[in-house]
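A.B. asks: Protein chains in written order, with our numbering: chain A, 354 to 676; chain B, 27 to 473; chain C, 25 to 224. Pasting a structure below so you can have a look.
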Ligand code: NA
Ligand code: NA
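What follows is the structure in structure tokens.
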């Protein structure tokens, strides 16, 4: 059996995000006794990163590995599934996806495109972004030129910011030269490799636009149907095991990198509460607008909000932190 | 050896096909399709080519700079500003052999600092200076060689798309790469100028001294100052808008293009005929340049699918021994691949395979892992810059051919580039022997 | 022109027709420059949305933002590239490594081009154009649009792929017919093309 070609949206060696697919490949081989193999191709190797969904859907490549939120332009609900602004933390998002009806809604949206989806990688909260000016109050977003993707961009525009579309390769120069004043990218360990710490003054948290985010394995349904029932179960088992891996390895590495940034003179700090409150309000508005435009988005948003409320009943009682 | 049959056959077919004279863009594209059938790959897989064309070329905002710089170059020529400047430079260098070629090299370095698009630099330099150099009886080879070589500096000297991509693939700081490429880029520029001076000294007929333009009655200083004014304002506008944070390098190209329209208006050359000619030429040149990229993307995705990437990996692991031996094999391999493949493809094929190998080597230089990879990345970058110059498949050469007068054949251009490729290899050897050339500036800036 | 055979005339006509859209689209370089200048100025003035009109129209949606303007730039660029290819073919501007080719006689050049166009160019155009129909269809069915609040109706710009390739196919077919006509004519040298470009 030829190894399943998997086109990733991340560079092959990319810390954590790229490794996720490699780890999944290893787990799949383990649980199938070496029978099922995945050959992971880095971003751009077979198709450009942002073409992975189209390519899997059309059958040009049999499988892909992605951040779910990349497909917001094609399948609106993925904007929510990839990461919900002010949405659930990883624990609650995990519960909703696997046991609370999330996966079923996502699969329903993907059925139209002949794609089978496996949410196999849950990423810890990302950073709030790199800023070249201090953010003290919501008004500081007025006119701010920030590179930010997806729903997050629509949210900051509500605060009067000018969200910018800058090609990945030009972010560094644009930031260094002041063409943009802020950018978000990913986790600290990943941001480090892009060198933003050399050209920015402030590194803000929390990553309100991505409190937790899903990466997934995509398989063309024609390809998926050819696997035996046992093999299909092996895929699911490896996928779930990979989720555990993704949650287990992320937190430890970040703190060390933050110390390196501080040593370089970057101010690592939190957004002030009034700023978060304004962003929270704008996020709710954006989510409602998106829900109005797409019924599946609405279904997912209602379901996730309901789940967060129920789970919140329990989580708050058990919380050891006082807010 | 049997498993390498198809990738080897593909390379052989490419080389053979190139020499028949059939258009390179269609040869690359067609061979991809033909080998998809020969290798019995499902035809649906060619859907990857559709995606790659769309996102990699059509929706690639960075490539937008190509038509903009082409148009800028053409209008600059029509405006007469460039010609006047070159004529004044001729007067300045009137007594000096090779003076004009040196000003082309200097202009190339300035262009390199303002853009990362090779096609644009080569086209602009070519349109500006090739006719003048030929008129001055420069050796065809020296003229086209210096244009191609200086034009390719743009992808090494920051800002550079290539360094951004390499940094992304290797997961090292792009900022460090930008700093690291600065000195090697300038060293290469100095090598070109040194070579011109050498030729001018040893073979004066190849790099003649300029002839003073008797029609111009202005004093030299006044002529230079007034002729320099317009282009300097233009270059400052392009560079300045990037440095001041007003525009990205791509956007700056449009500012430059608009600037040349204004220049043309001032010199009374903003006529319908001039604009139409520039527009038509821009349209054809854009289709031509970007279709080479489109063909290359089709060729290389199939090349990898039939095992070309595995073949390359095996070659290195078979021949490598010791840290410098391994480095040498990787460098030679990239150099050879550079004959046929495009830098983006080489980056994606080779770098992920070899980065971990290189990172694990001990060169006895007392470098951190990141420093060692930064050094390696710059060596790769110099090597990839060279790939634009190496026949048979060198973008810079094609660009120049695209705008050259009919008398200049592809064969002339191929021959012209040999000394400059040797200079590139000297530059590469220097960067290997003295890692400080690469690492000194990043250390200074980021500590 | 008078000595051209019927086949050559048909070939020339096909090449000429498929080059025409590229001639027109060459002018897009001017609106691209304008779009960049407006976007840069808007960004300097810290604008996000430029203006809105409250109802949806194709491609632009209901408002024009700085992001939309940035996307419009590469949309126009995509059109220039795909249509420019057949324009360049008709004028024989695609790069050839010509130091052997230049030594061929007119008939030898024609044979190289006929074989190349038949085996390489036409299959590429046909297959990739065919596969791109699905690509465009998917964008149409899903209502794909910018994920950055920019332009809508992404299928419109994607459609330039099959359109451009179909034109290039036509241009290639025209060149084959012209070259076959030339070989059959028994002459030694080809007539200059419709746009003044002779063969090779
Ligand atoms: Na540059
Ligand atoms: Na080359």
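Backbone N, C-alpha and C fix where the C-beta goes; we use that ideal spot for every residue, glycine too.
#1: Name the chain C residues that come within less than 8 angstroms of residue 426 of chain A, Cβ to Cβ?
#2: Using Cβ-Cβ distances below 7 angstroms, what residues of the region 148-164 of chain C are close to chain A?
#3: Is residue 142 of chain C helix, strand or coil when you go by DSSP?
#4: If we cut at 7 angstroms on Cβ distances, does residue 400 of chain A have a partner in chain B?
#5: Can you pull the chain C neighbours of residue 498 of chain A, defined as C-beta to C-beta under 8 angstroms?
#6: Under the rule that 16 or more other beta-carbon atoms within 10 Å means buried, what is residue 671 of chain A, buried or exposed?
#7: Where does residue 77 of chain C land, buried or exposed, given buried means 16+ other C-beta within 10 angstroms?
#8: Please list, in chain order, the chain A residues whose beta carbon lies closer than 8 angstroms to that of residue 56 of chain C.
#9: Using the DSSP secondary-structure output, state which residues sit across from residue 83 of chain C in a beta bridge.
#10: Taking Cβ positions only, does residue 200 of chain B come closer than 7 angstroms to chain A?
#11: Going straight from the alpha carbon of residue 357 of chain B to that of residue 346 of chain B, what length do you get?
#12: Candidates A:515, A:609, A:428 and A:489: which alpha carbon is nearest residue 628 of chain A's?
#13: Residues of the region 372-387 of chain A in Cβ contact with chain B at a cutoff of 9 angstroms, in chain order, please.
#14: Decide if residue 294 of chain B is buried, meaning its Cβ has at least 16 other Cβ atoms within 10 Å, or exposed.
#15: Evaluate residue 298 of chain B with the Cβ neighbour count: other Cβ atoms within 10 Å of its Cβ, from every protein chain shown; 16 or more gives buried, anything less gives exposed.
#16: Given a cut-off of 7 angstroms on the beta-carbon distance, is the pair residue 31 of chain C and residue 194 of chain C in contact?
#17: Under a three-way DSSP split, which group does residue 479 of chain B fall into?
#18: For residue 114 of chain B, which residues from the same chain have a beta carbon less than 6 angstroms from its beta carbon, with the 5 sequence-adjacent residues on both sides left out?
#19: Compute the Euclidean distance between the alpha carbons of residue 222 of chain C and residue 432 of chain B, then round it to the nearest angstrom.
#20: Can you tell me where the alpha helix (DSSP H) with residue 203 of chain C in it begins and where it stops?
#21: Nearest by alpha-carbon distance to residue 436 of chain B: which of B:423, B:447 and B:448 is it?
#22: Who are the neighbours of residue 466 of chain B on chain C, taking C-beta pairs under 8 angstroms?
#23: Is any beta-carbon of chain A found at less than 7 angstroms from that of residue 184 of chain C?
#24: Tell me the rounded alpha-carbon separation between residue 66 of chain C and residue 74 of chain C.
#25: Using only CA atoms, which one of B:158, B:266, B:94 and B:174 lies nearest to residue 412 of chain B?
#26: How would you list, in chain order, the residues of chain C whose beta-carbon sits under 7 angstroms from the beta-carbon of residue 489 of chain A?
#27: Nearest-angstrom Cα distance between residue 644 of chain A and residue 154 of chain C?
#28: In chain order, what residues of the region 161-180 of chain B put their CB closer than 7 angstroms to some CB of chain C?
#29: At a Cβ threshold of 7 angstroms, is residue 414 of chain B touching chain C?
#30: For residue 468 of chain B, which residues of its own chain have a beta-carbon under 6 angstroms away from its beta-carbon, when the five flanking residues on both sides are left out?
#31: Alpha carbon to alpha carbon, how far is residue 466 of chain A from residue 410 of chain A?
#32: Could you list which residues in chain B have their beta carbon closer than 8 angstroms to that of residue 552 of chain A, in chain order?
#33: Go ahead and label residue 450 of chain B buried or exposed: buried means 16 or more other beta carbons lie within 10 angstroms of its beta carbon, across all protein chains shown.
#34: Can you pull the chain F residues whose beta carbon is under 8 angstroms from the beta carbon of residue 70 of chain B, in chain order?
#35: Where does residue 77 of chain C sit, in a helix, a strand or coil, going by DSSP?
#36: Quick check on residue 569 of chain A - is its C-beta less than 7 angstroms from some C-beta in chain C?
C.D. replies: Looking at the atomic coordinates:
#1: Contact annotation for residue 426 of chain A against chain C: 168, 169, 170, 171 and 178 [CB-CB distance below 8 angstroms, chain order].
#2: Within the region 148-164 of chain C, the residues whose Cβ lies closer than 7 angstroms to some Cβ of chain A are 158, 159 and 162, listed in chain order.
#3: Helix, per DSSP.
#4: Yes, contact with chain B.
#5: Near residue 498 of chain A (Cβ distances below 8 angstroms), the residues of chain C are 67 and 70.
#6: Result: exposed.
#7: Residue 77 of chain C sits exposed, since fewer than 16 C-beta atoms from the chains shown fall within 10 Å of its C-beta.
#8: Taking a Cβ-Cβ threshold of 8 angstroms, none of the residues of chain A is close to residue 56 of chain C; the smallest such distance is about 16 angstroms.
#9: In the DSSP output, where bridge partners are listed per residue, residue 83 of chain C has none listed.
#10: Residue 200 of chain B counts as touching chain A.
#11: Each residue's alpha carbon lies about 11 angstroms from the other.
#12: Checked all of A:515, A:609, A:428 and A:489; the closest Cα to residue 628 of chain A is A:489.
#13: Along the region 372-387 of chain A, none of the residues has a CB nearer than 9 angstroms to a CB of chain B.
#14: Burial state of residue 294 of chain B is exposed, judged by a 10 Å Cβ sphere holding fewer than 16 other Cβ atoms.
#15: Classification for residue 298 of chain B: exposed.
#16: No, they are not a contact pair.
#17: Outside the modelled stretch of chain B, which goes from 27 to 473, sits residue 479 of chain B, for which no answer is possible.
#18: For residue 114 of chain B, where only same-chain residues beyond five positions count, the Cβ hits under 6 angstroms are 249, 250 and 253.
#19: Note on residue 222 of chain C: pLDDT 37, under 50, position unreliable in the model; the coordinate value appears next. In this model, residue 222 of chain C and residue 432 of chain B are separated by some 12 angstroms (Cα to Cα).
#20: That run of the alpha helix (DSSP H) goes 184-209.
#21: Checking every option, the nearest Cα to that of residue 436 of chain B belongs to B:423.
#22: Result: empty, since nearest Cβ-Cβ is about 35 angstroms, beyond 8 angstroms.
#23: Between residue 184 of chain C and chain A, the shortest Cβ-Cβ separation is not below 7 angstroms.
#24: If you take the alpha carbons of residue 66 of chain C and residue 74 of chain C, they lie about 8 angstroms apart.
#25: Shortest Cα-Cα distance from residue 412 of chain B to any of B:158, B:266, B:94 and B:174 involves B:174.
#26: Using a Cβ-Cβ cut-off of 7 angstroms, residue 489 of chain A is close to nothing in chain C; its nearest Cβ partner there is about 18 angstroms away.
#27: Rounded to whole angstroms, residue 644 of chain A to residue 154 of chain C spans 35 angstroms at the Cα level.
#28: Identification of residues in the region 161-180 of chain B having a C-beta nearer than 7 angstroms to some C-beta of chain C yields an empty set.
#29: The C-beta of residue 414 of chain B comes no closer than 7 angstroms to any C-beta of chain C.
#30: Taken in chain order, the residues that qualify are 202, 205 and 206.
#31: Distance between the alpha carbons of residue 466 of chain A and residue 410 of chain A: 6 angstroms.
#32: Taking the beta carbon of residue 552 of chain A as reference, the chain B residues within 8 angstroms of it are 201, listed in sequence order.
#33: The residue is buried, with at least 16 neighbouring Cβ atoms inside 10 Å.
#34: The displayed structure is made up of protein chains A, B and C, and chain F is not among them.
#35: When DSSP states are grouped into helix, strand and coil, residue 77 of chain C belongs to the strand group.
#36: Any Cβ of chain C closer than 7 angstroms to the Cβ of residue 569 of chain A would place that residue at the interface, and such an atom is absent.
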